[in-house]
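**Q** Supplied in structure tokens, the structure appears directly below.
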Amino acid sequence: MDANTAFVIDTFFAIFAFVLIIFMVPGFAMLEAGLVRTKNVSSVLMMNTMIYAFASMAFLLIGYSIAFGAFGSDSMSKWAAFLFQMAFVGKVINIMSGGVSERVRILPLAIFAIIMSGFLYPLVVNVTWGADLLAGTILDLNMYDLAGSTVIHSTGGWALLAAILIIGARKGRYAKDGGVRVIPASNIPLVTLGAFLLWIGWFGFNGGSVGSISSVESANAVALTILNTNTAGLSGAIIVGIMMQLKYGKLDITMILNGALGGLVAITAGPDLYNIYQPILIGAIGGLLVVFAVPLFDKLKLDDPVGALSVHLVNGIWGTLAVGIFVESISVMDQLKGILVVAIFAFASSYIVLFIINKIIPLRPEKDVETEGLDVNECGLEAYPEFKRSF
Amino acid sequence: MDANTAFVIDTFFAIFAFVLIIFMVPGFAMLEAGLVRTKNVSSVLMMNTMIYAFASMAFLLIGYSIAFGAFGSDSMSKWAAFLFQMAFVGKVINIMSGGVSERVRILPLAIFAIIMSGFLYPLVVNVTWGADLLAGTILDLNMYDLAGSTVIHSTGGWALLAAILIIGARKGRYAKDGGVRVIPASNIPLVTLGAFLLWIGWFGFNGGSVGSISSVESANAVALTILNTNTAGLSGAIIVGIMMQLKYGKLDITMILNGALGGLVAITAGPDLYNIYQPILIGAIGGLLVVFAVPLFDKLKLDDPVGALSVHLVNGIWGTLAVGIFVESISVMDQLKGILVVAIFAFASSYIVLFIINKIIPLRPEKDVETEGLDVNECGLEAYPEFKRSF
Amino acid sequence: MDANTAFVIDTFFAIFAFVLIIFMVPGFAMLEAGLVRTKNVSSVLMMNTMIYAFASMAFLLIGYSIAFGAFGSDSMSKWAAFLFQMAFVGKVINIMSGGVSERVRILPLAIFAIIMSGFLYPLVVNVTWGADLLAGTILDLNMYDLAGSTVIHSTGGWALLAAILIIGARKGRYAKDGGVRVIPASNIPLVTLGAFLLWIGWFGFNGGSVGSISSVESANAVALTILNTNTAGLSGAIIVGIMMQLKYGKLDITMILNGALGGLVAITAGPDLYNIYQPILIGAIGGLLVVFAVPLFDKLKLDDPVGALSVHLVNGIWGTLAVGIFVESISVMDQLKGILVVAIFAFASSYIVLFIINKIIPLRPEKDVETEGLDVNECGLEAYPEFKRSF
Chain S
58 MDANTAFVID TFFAIFAFVL IIFMVPGFAM LEAGLVRTKN VSSVLMMNTM IYAFASMAFL
118 LIGYSIAFGA FGSDSMSKWA AFLFQMAFVG KVINIMSGGV SERVRILPLA IFAIIMSGFL
178 YPLVVNVTWG ADLLAGTILD LNMYDLAGST VIHSTGGWAL LAAILIIGAR KGRYAKDGGV
238 RVIPASNIPL VTLGAFLLWI GWFGFNGGSV GSISSVESAN AVALTILNTN TAGLSGAIIV
298 GIMMQLKYGK LDITMILNGA LGGLVAITAG PDLYNIYQPI LIGAIGGLLV VFAVPLFDKL
358 KLDDPVGALS VHLVNGIWGT LAVGIFVESI SVMDQLKGIL VVAIFAFASS YIVLFIINKI
418 IPLRPEKDVE TEGLDVNECG LEAYPEFKRS F
Chain D
58 MDANTAFVID TFFAIFAFVL IIFMVPGFAM LEAGLVRTKN VSSVLMMNTM IYAFASMAFL
118 LIGYSIAFGA FGSDSMSKWA AFLFQMAFVG KVINIMSGGV SERVRILPLA IFAIIMSGFL
178 YPLVVNVTWG ADLLAGTILD LNMYDLAGST VIHSTGGWAL LAAILIIGAR KGRYAKDGGV
238 RVIPASNIPL VTLGAFLLWI GWFGFNGGSV GSISSVESAN AVALTILNTN TAGLSGAIIV
298 GIMMQLKYGK LDITMILNGA LGGLVAITAG PDLYNIYQPI LIGAIGGLLV VFAVPLFDKL
358 KLDDPVGALS VHLVNGIWGT LAVGIFVESI SVMDQLKGIL VVAIFAFASS YIVLFIINKI
418 IPLRPEKDVE TEGLDVNECG LEAYPEFKRS F
Chain G
58 MDANTAFVID TFFAIFAFVL IIFMVPGFAM LEAGLVRTKN VSSVLMMNTM IYAFASMAFL
118 LIGYSIAFGA FGSDSMSKWA AFLFQMAFVG KVINIMSGGV SERVRILPLA IFAIIMSGFL
178 YPLVVNVTWG ADLLAGTILD LNMYDLAGST VIHSTGGWAL LAAILIIGAR KGRYAKDGGV
238 RVIPASNIPL VTLGAFLLWI GWFGFNGGSV GSISSVESAN AVALTILNTN TAGLSGAIIV
298 GIMMQLKYGK LDITMILNGA LGGLVAITAG PDLYNIYQPI LIGAIGGLLV VFAVPLFDKL
358 KLDDPVGALS VHLVNGIWGT LAVGIFVESI SVMDQLKGIL VVAIFAFASS YIVLFIINKI
418 IPLRPEKDVE TEGLDVNECG LEAYPEFKRS F
């Protein structure tokens with residue numbers, strides 16, 4: 058194939074992948090809107106909307122240059138290359154914002170979204186996928202992370218951990234005697250819709266990260282990547298389903314969907330390197346990690362209404378390690394080094410930024426506001442004003 | 058175009074078609090969640106999730122080899138060829154599970170999903186689109202069925218008929234005096250969303266079934282296929298709309314959307330062979346068949362909350378026949394033979410498997426569970442816990 | 058690249074763009090279903106479904122030939138070229154129907170949809186993008202309007218203005234003392250989902266309007282178009298968010314989403330001609346126009362439950378002018394002339410047709426029906442029958 062044809066096809070493919078990832082915007086929005094209580098639904102939707110807007114704009118104006126040096130690409134339209142990378146940014150903040158739902162204000166979070174997308178996340182990308190400021194130093198990273206188990210998911214997860222430590226748990230979530238009050242998801246169809254939109258977006262996320270489809274080899278790599286991505290999601294759902302059936306005889310759909318998402322995060326570092334059976338194991342472990350991590354975080358009183366720490370942070374780490382474990386040519390130590398360097402930077406920088414923001418504009422709303430629900434105070438409207446509440 | 062470029066483009070196109078079909082997973086889930094009562098919504102969503110997971114996994118591990126012999130394709134990435142076929146599988150079970158909603162347990166249905174996707178459906182594919190075990194025998198099939206009016210929709214429909222015969226109608230659906238109690242859909246926006254996601258998925262289903270887009274002829278065939286697919290859906294909706302207006306002066310949107318889906322099923326056997334006007338008639342007949350079949354099945358006390366028998370089974374048959382009727386080069390007798398052989402195999406094998414499963418793990422929940430709703434017992438949660446019910 | 062390869066790639070790309078635009082069907086449906094009161098939700102969904110069906114069918118049978126002369130295209134499959142154009146049609150009527158929600162009957166609106174899609178809109182297309190009946194006359198238009206700020210959005214907006222003038226405001230919307238009664242949106246997650254499906258559809262709408270992706274130049278133009286489209290949407294959301302925060306300290310998500318949509322409409326006339334920073338300004342002005350136009354139309358007692366006049370009409374005009382203002386090679390006078398000619402034709406012809414329809418079949422339901430809600434009378438069912446209303 059001549060270079061012009063390859064340029065055209067790879068541009069088209071990057072646009073296709075970009076569009077799939079943008080389905081994750083309503084995906085995250087619906088998932089989180091379904092998981093929180095009705096009194097906080099508009100606020101969560103507002104948060105998702107403003108994150109997409111502010112994070113993408115900050116990445117356009119500042120972040121992309123920090124990450125990659127300048128707009129440019131030889132093998133496809135530089136605008137398509139930008140769009141594909143831009144689609145990633147909001148996801149990092151979504152991971153973080155979802156986990157502090159129901160007790161965070163929009164304004165300070167929007168400010169954090171700008172700083173994270175304009176500076177912090179681009180620095181992570183710079184030293185992993187991008188221009189590489191650390192090249193030649195002792196911190197030079199050789200981690201293999203195709204589509205961001207560490208770069209996206211753990212980075213968002215560490216920022217979330219920082220945010221939870223600063224903001225604290227939802228009012229009434231943990232009793233003084235150590236009990237955990239279950240706060241049920243308010244709208245299961247939205248949760249399911251959101252999870253499947255995310256799943257579909259993942260095909261663009263991971264498939265597009267191969268970077269090209271214009272040769273026989275790269276076309277095979279893209280197709281294998283999408284196949285393996287899907288398999289890990291299936292496997293995560295199945296293992297959690299089996300565990301639920303054996304342990305409780307009841308299938309909690311929110312846990313099973315989180316199991317699928319956990320499998321999807323776990324596969325994301327190396328879906329192009331595995332054979333078609335390894336993702337079954339990697340995804341299954343991903344699902345199990347969600348099941349075990351969710352109660353563990355509750356024990357640690359790290360309140361996370363959507364399970365984002367378990368899905369994204371834990372499985373981001375697991376997925377990055379898995380490439381080292383399952384693929385001979387990849388060094389586990391290189392993977393570990395990448396995980397640690399990103400962890401320290403992402404957690405520390407997020408903590409500091411959130412800490413400072415919190416001093417100026419408190420992240421947490423007043424107690425009354427939290428009790429009444431954020432929608433009325435933050436958005437001035439209810440999500441379902443005509444529906445009578447059952448309590 | 059050289060062979061490598063064609064390989065790349067056809068791989069990309071198969072991936073595009075695959076992704077569109079996967080939108081049918083939330084499509085079916087939303088459609089069915091909207092059509093059932095709120096007390097069974099989580100259960101229906103769980104069912105759709107587990108079917109996607111188990112059916113796809115069984116097809117990966119067993120079914121695909123039974124259908125096609127082995128992973129492989131000369132004209133595109135073998136992984137893309139697999140993904141496209143895998144996307145079909147869950148649909149067959151979705152058709153079946155939707156029709157027994159509100160009175161079926163998840164565990165035995167998941168077992169059936171594995172057997173159907175791993176063995177029964179692959180055998181149907183084998184003798185129609187695949188390796189062809191029956192070649193040279195008296196049962197050798199020459200049916201034309203581009204995207205599965207028979208192979209997908211009727212097969213799912215026959216399995217559903219078997220399931221309804223074994224499981225029976227929902228409690229209270231049919232009075233002893235022969236009256237039919239109307240059980241209204243609980244969430245019309247979800248029904249509409251689901252129907253349009255299915256409609257969009259159909260473009261990938263039928264368009265992708267052309268198998269290639271990399272020549273001028275095949276590009277024209279793909280575009281014509283998608284155009285004709287859409288036209289039949291439009292026509293199905295329009296004819297049902299006109300009938301409703303004339304007969305009742307009221308437009309029941311669930312019936313009109315089912316009319317569109319009926320038209321879409323009816324066109325699926327031969328959208329590449331028709332001119333651009335024939336789909337208007339084929340889709341209109343498809344819509345009318347839904348309108349007439351729905352009360353007929355109720356008369357036969359075959360309870361089907363989502364109208365799947367009318368949409369998929371009746372129109373699967375009609376669509377397969379239509380190719381023989383409208384296309385000169387296709388023999389009606391060959392179409393009939395295909396319909397019958399698949400009917401007998403799909404119905405009998407599903408019936409036997411469901412019968413055996415039912416003896417070991419009853420398909421139907423206890424009466425109390427059905428009355429209370431499956432959500433609490435099967436999933437341990439309600440779909441809309443904060444919304445007060447109006448009764 | 059040889060002509061056959063270009064034919065294949067441009068056909069594939071047109072199909073991709075078509076599919077994205079069809080996501081706007083559920084997009085508009087969900088947006089409007091979320092914005093109206095629960096008693097009118099089924100009716101709004103029915104309207105959207107029938108508009109897609111009737112408008113597309115009328116365009117297939119009549120409209121396309123009026124607009125473009127005949128089915129045909131040299132550079133891609135003529136069926137793909139048709140599908141892409143067909144995807145536009147329903148949007149014009151959607152814009153109009155949304156703005157008269159909650160007090161319009163389906164039957165007369167369906168008749169208008171047929172006339173508008175079969176005749177009126179195709180005439181607008183004819184003199185702008187199509188065969189050009191006015192060529193050589195004094196009315197010959199040289200307006201630049203890549204994807205329809207005027208041709209689609211203003212045309213729909215003028216038809217809506219005509220409809221509002223004929224139908225009037227919703228009962229109780231405007232008090233005699235000049236006060237405006239706020240009627241809150243009933244389902245914010247649906248509004249958000251709908252807005253993002255529209256946003257995603259816009260990538261196909263504007264990107265596909267470049268008409269080709271098969272050369273390096275056109276691939277760059279497509280990618281730039283999609284980037285600029287997105288940026289204007291981001292900017293519209295951000296400016297409205299900032300205004301809301303400063304003015305009220307509360308973020309009304311419906312207004313912010315409409316700000317994004319306003320930015321998207323504004324960019325639509327020339328996204329391929331701007332640099333990557335101009336859309337920030339164009340979109341911001343688009344968002345501001347929505348904020349200022351919404352109360353203005355209420356002052357004029359032009360009742361528009363979804364803000365379509367502000368989003369589509371006002372920004373359609375602004376977007377068309379913007380190309381003349383920001384792009385040196387485009388004449389502002391040519392843009393103004395195009396805006397005016399289309400305005401006069403679209404408004405006058407819609408007004409006349411709606412006026413005549415209204416004499417034969419009243420557009421507005423009886424007062425009791427409006428009070429009770431259209432769902433029961435027009436559709437024979439409620440949208441959420443099991444959910445208890447809070448009043």
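If you read the protein sequences in the order shown, they are chains S, D and G.
Each residue of the first sequence is one higher than the last, beginning at 58 in this note's numbering.
Each residue of the second sequence is one higher than the last, beginning at 58 in this note's numbering.
Each residue of the third sequence is one higher than the last, beginning at 58 in this note's numbering.
In this text, a Cβ means the ideal position worked out from N, Cα and C, and glycines have one as well.
1. Using a beta-carbon distance below 7 Å, is A280/D in contact with chain G?
2. Measuring alpha carbon to alpha carbon, tell me which residue in V398/G, R421/G, R160/G is nearest T194/G.
3. Could you name the residues of the same chain whose beta carbon sits closer than 7 Å to that of I123/G, not counting the 5 residues immediately before and after it, in chain order?
4. Taking a contact to mean a Cβ-Cβ separation below 7 Å, would you say G258/G touches L88/G in this structure?
5. Checking contacts by CB at 7 Å: is I270/G closer than that to chain S?
6. Output, in chain order, the set of chain D residues within a Cβ distance shorter than 7 Å of K445/G.
7. Going straight from the alpha carbon of A170/S to that of G84/G, what length do you get?
8. Give me the chain D residues within the contact set of K307/S, using Cβ-Cβ distance strictly less than 7 Å, ordered along the chain.
9. Are any of the Cβ atoms in chain G nearer than 7 Å to that of S113/S?
10. May I ask you to list the residues that DSSP assigns as paired with V237/S?
11. So, is the C-beta of I78/D closer than 7 Å to a C-beta in chain S?
12. Determine whether the beta carbon atoms of P328/D and N263/D lie at a separation below 7 Å.
13. Would you decide whether A137/S is buried or exposed? Buried here means 16 or more other CB atoms lie within 10 Å of its CB.
14. Whose C-beta lies closer than 7 Å to the C-beta of L102/G among residues of the same chain, with five residues either side of it excluded?
15. Determine the DSSP secondary structure at F139/D, reduced to helix, strand or coil.
16. What separation, rounded to the nearest whole angstrom, lies between the Cα atoms of F111/S and L438/G?
17. With respect to the alpha helix (DSSP H) encompassing A211/G, which residues constitute its N-terminal and C-terminal limits?
18. Using only alpha-carbon positions, find the residue among L284/G, V248/G, K424/G, M81/G that is nearest to Y334/G.
19. Name, going along the chain, the residues of the segment 289-313 of chain S whose beta-carbon falls closer than 7 Å to a beta-carbon of chain G.
20. Name, please, each residue of chain S whose Cβ falls closer than 8 Å to the Cβ of L254/G.
21. Establish whether the CB of T249/G and some CB of chain S are separated by less than 7 Å.
22. Could you check what DSSP says for F80/D in three-state terms: helix, strand or coil?
23. Less than 7 Å between CB atoms is the rule here; does T95/G satisfy it with respect to chain D?
24. Where F383/D and M143/D are concerned, what is the direct C-alpha to C-alpha distance, given to the nearest angstrom?
25. Would you check if the distance between the CB atom of S271/S and the CB atom of V65/D is smaller than 7 Å?
26. In chain S, which residues lie with their C-beta within 8 Å of the C-beta of A276/D?
27. Taking D432/G and K96/G to be in contact with their CB atoms under 8 Å, please state how far apart those CB atoms are, rounded to whole angstroms.
28. Could you give the C-beta distance for I374/S and G344/S, rounded to a whole number, given that I count them as a contact under 8 Å?
29. Under 7 Å Cβ to Cβ from I221/S, same chain only, skipping five residues before and after it: list those, please.
30. Rank V239/G, G293/G, L196/G by C-alpha distance to the C-alpha of L338/G and give the top, closest one.
31. Compute the Euclidean distance between the alpha carbons of A403/G and L140/G, then round it to the nearest angstrom.
32. Name the DSSP bridge partner or partners of R160/S?
33. Between V305/S and A115/S, what straight-line distance do the alpha-carbon atoms span, to the nearest angstrom?
34. Could you tell me the alpha carbon to alpha carbon distance between T68/S and N287/G, rounded to whole angstroms?
35. Using a C-beta cutoff of 7 Å, does W136/D count as contacting chain S?
36. Give the range of the alpha helix (DSSP H) segment to which W186/G is assigned.
**A** Per the coordinate set shown:
1. On the second sequence, residue 280/D is found 223 positions in, with the first residue counted as 1. Yes, contact with chain G.
2. Position 137 of the third sequence, counting from 1, holds the residue named residue 194/G. For T194/G, the nearest C-alpha among the options comes from V398/G.
3. Reading the third sequence from its first residue, position 66 is the one you call residue 123/G. If we look at I123/G and ignore the five residues flanking it on each side, its Cβ neighbours are F176, P179, L180, N183.
4. Sequence index remark: in the third sequence, residue 258/G carries index 201 (1-based). Sequence index remark: in the third sequence, residue 88/G carries index 31 (1-based). No, the Cβ-Cβ distance between G258/G and L88/G is not below 7 Å.
5. Within the third sequence, numbered from 1, the residue matching residue 270/G stands at position 213. Yes, its Cβ sits closer than 7 Å to a Cβ of chain S.
6. Taking the first residue of the third sequence as position 1, residue 445/G is located at position 388. Correct list: K445, R446, S447.
7. As a first step, residue 170/S is located in the first sequence; it is residue number 113 there, counting from the start. As a first step, residue 84/G is located in the third sequence; it is residue number 27 there, counting from the start. Whole-angstrom Cα-Cα distance: 27 Å.
8. Working through the first sequence from its first residue, we reach residue 307/S at position 250. Per Cβ cutoff of 7 Å: E435, C436, G437.
9. One-based indexing of the first sequence puts residue 113/S at position 56. Judged by the 7 Å Cβ criterion, S113/S is in contact with chain G.
10. The sequence position of residue 237/S within the first sequence is 180, counting from 1. Beta-bridge pairing links V237/S to Y231/S.
11. Translated into positions along the second sequence, residue 78/D becomes position 21. No - not a single Cβ of chain S is within 7 Å of the one on I78/D.
12. Reading the second sequence from its first residue, position 271 is the one you call residue 328/D. Reading the second sequence from its first residue, position 206 is the one you call residue 263/D. Yes, the pair counts as a contact, with Cβ atoms nearer than the cut-off.
13. Numbered from 1 along the first sequence, position 80 holds the residue referred to as residue 137/S. Buried, by the Cβ-count rule.
14. Position 45 of the third sequence holds residue 102/G. Counting only Cβ-Cβ distances below 7 Å, and skipping sequence neighbours, we find A86, A90.
15. Here residue 139/D refers to the residue found at position 82 when the second sequence is read from its first residue. Correct three-state label for F139/D: helix.
16. Along the first sequence, read from residue 1 onward, the residue named residue 111/S stands at position 54. Along the third sequence, read from residue 1 onward, the residue named residue 438/G stands at position 381. Rounded to whole angstroms, F111/S to L438/G spans 41 Å at the Cα level.
17. As a position in the third sequence, residue 211/G is number 154, starting the count at 1. The amino acid at residue 211/G is misidentified as Ala; the sequence shows Ser. Premise fails: S211/G is in no alpha helix (DSSP H) and is neither H nor E.
18. To locate residue 334/G, count along the third sequence from 1; it is residue 277. Out of L284/G, V248/G, K424/G, M81/G, L284/G has the C-alpha closest to the C-alpha of Y334/G.
19. none
20. Position 197 of the third sequence, counted from the first residue, corresponds to residue 254/G. Result: P83.
21. In the third sequence, the residue the question calls residue 249/G occupies position 192. With 7 Å as the cut-off, T249/G counts as an interface residue toward chain S.
22. For this step, residue 80/D is matched to residue 23 along the second sequence. Note: F80/D maps to coil in three-state DSSP.
23. In the third sequence, counting from the first residue as 1, residue 95/G sits at position 38. Answer no: the Cβ-Cβ gap between T95/G and chain D never drops below 7 Å.
24. Within the second sequence, numbered from 1, the residue matching residue 383/D stands at position 326. Within the second sequence, numbered from 1, the residue matching residue 143/D stands at position 86. If you take the alpha carbons of F383/D and M143/D, they lie about 30 Å apart.
25. Position 214 of the first sequence, counted from the first residue, corresponds to residue 271/S. Position 8 of the second sequence, counted from the first residue, corresponds to residue 65/D. Yes. Within cutoff.
26. Along the second sequence, read from residue 1 onward, the residue named residue 276/D stands at position 219. Under the 8 Å cutoff, chain S gives no residues; its nearest Cβ is about 14 Å from A276/D.
27. Within the third sequence, residue 432/G is the residue found at index 375, counting from 1. Within the third sequence, residue 96/G is the residue found at index 39, counting from 1. At roughly 6 Å, the Cβ-Cβ gap stays under 8 Å, so D432/G and K96/G are in contact.
28. To locate residue 374/S, count along the first sequence from 1; it is residue 317. To locate residue 344/S, count along the first sequence from 1; it is residue 287. Actually they do not touch by this definition, with Cβ atoms about 15 Å apart.
29. As a working mapping, residue 221/S is identified with position 164 in the first sequence. Around I221/S: G156, V157, L359, D360, D361.
30. As a first step, residue 338/G must be located in the third sequence, where it is residue number 281. When each option's Cα is compared against that of L338/G, the closest is G293/G.
31. Locating residue 403/G in the third sequence gives position 346, where the first residue counts as 1. Locating residue 140/G in the third sequence gives position 83, where the first residue counts as 1. Between A403/G and L140/G, the C-alpha separation is close to 23 Å.
32. For the purposes of this step, residue 160/S is taken as the residue at position 103 of the first sequence. Answer by DSSP bridge pairing: none, since R160/S is not bridged.
33. For the purposes of this step, residue 305/S is taken as residue 248 along the first sequence, with counting starting at 1. For the purposes of this step, residue 115/S is taken as residue 58 along the first sequence, with counting starting at 1. The residue asked about is misnamed: residue 305/S is Tyr in this sequence, not Val. C-alpha separation (whole angstroms): 46 Å.
34. Within the first sequence, numbered from 1, the residue matching residue 68/S stands at position 11. Within the third sequence, numbered from 1, the residue matching residue 287/G stands at position 230. Near 17 Å, if we compare the C-alpha coordinates of N287/G and T68/S.
35. The count along the second sequence starts at 1 and reaches residue 136/D at position 79. Interface residue, yes.
36. Here residue 186/G refers to the residue found at position 129 of the third sequence. Segment: none, W186/G is in no alpha helix (DSSP H) and carries neither H nor E.
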